[in-house]
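Start counting at 1 in the sequence shown, then tack on 131, and there's your number in this note's numbering. For glycine and all other residues, C-beta sits at the position ideal for the given N, C-alpha and C. In this text, all values refer to a predicted model and were calculated from it rather than measured experimentally. Worksheet for the structure shown next.
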Amino acid sequence: MGWNTGWDGERWLDIREESRDAFAGLVWARLDLAARMGCDGVEADQNNPLGNDPGFPVTLDDQHSWYREVAAQAHARGLSVGMKNGHDQPGSAAVLADAFDWALPEECAQFDECAELRPFIDRGKAVFAVDYAGSVDPAAACRAHRAEGLDGLIKDEPPTGAHRTPCAGAR
Numbered sequence: 132m133g134w135n136t137g138w139d140g141e142r143w144l145d146i147r148e149e150s151r152d153a154f155a156g157l158v159w160a161r162l163d164l165a166a167r168m169g170c171d172g173v174e175a176d177q178n179n180p181l182g183n184d185p186g187f188p189v190t191l192d193d194q195h196s197w198y199r200e201v202a203a204q205a206h207a208r209g210l211s212v213g214m215k216n217g218h219d220q221p222g223s224a225a226v227l228a229d230a231f232d233w234a235l236p237e238e239c240a241q242f243d244e245c246a247e248l249r250p251f252i253d254r255g256k257a258v259f260a261v262d263y264a265g266s267v268d269p270a271a272a273c274r275a276h277r278a279e280g281l282d283g284l285i286k287d288e289p290p291t292g293a294h295r296t297p298c299a300g301a302r
């Protein structure tokens, strides 16, 4: 297990292929639970340690391989699966869009990354973009979401559900 993710109590998992046996069964059990509970789909979070200083060396190939495995395992259980983040690595959405049913990027407007999600839109897949009110101008973020055809939402940070403003209108 790696260093803190920035969220209280969370740590990065070492997603390198040679390390996955230590935890993959637990992740797959969570997918099994979601299927038993009748969930339609899942978004697995914290799959993107590259560029986030997780405490171990990880490559883009490691990250892509893990993302593909998560998608395959969710699909094997009849679940829809969204790519949560990972779009911050240029070209990753294009490499992974076929493996996922939809995407859930955080802060794409804040970091000027919304265009990276174009491969999902081009394939007719939904992109549910979330930016945070304390970090962006909500109107500007919504314009960025709409410009790329994303279904955008502005939330509070950390997200509590107390503040959520949908970005209305089409591009």
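Item, Value
"Would you mind listing the alpha helix (DSSP H) stretches within the region 134-196 that are 4+ residues and don't spill past its ends, in chain order?", "155-167"
"Does the Cβ of M214 have 16 or more other Cβ atoms within 10 Å, making it buried, or fewer, making it exposed?", "buried"
"Which ranges would you report for the beta strand (DSSP E) in the region 259-293 if only whole runs of at least 3 residues count?", "282-286"
"Ignore the nearest five residues each way along the sequence and tell me which others in V226's own chain have a CB closer than 7 Å to its CB.", "H195"
"Could you spell out where the beta strand (DSSP E) holding A234 opens and where it closes?", "W233 to L235"
"Which residue comes first and which comes last in the beta strand (DSSP E) that contains R208?", "No beta strand (DSSP E) holds R208; DSSP gives it neither H nor E."
"For F231, which option in G169, I146, A165 and E200 has the closest C-alpha, if you only look at C-alpha atoms?", "E200"
"As a quick exercise: from E247, R208 and D193, pick the residue whose alpha carbon is nearest that of D145.", "D193"
"Can you say whether D262 is buried or exposed, counting buried as having 16 or more other CB atoms within 10 angstroms of its CB?", "buried"
"Report all residues from its chain with a CB closer than 7 Å to the CB of A165; omit the five preceding and five following residues, and keep chain order.", "V173 and L210"
"If you run the structure through DSSP and keep just helix, strand and coil, what is R199?", "helix"
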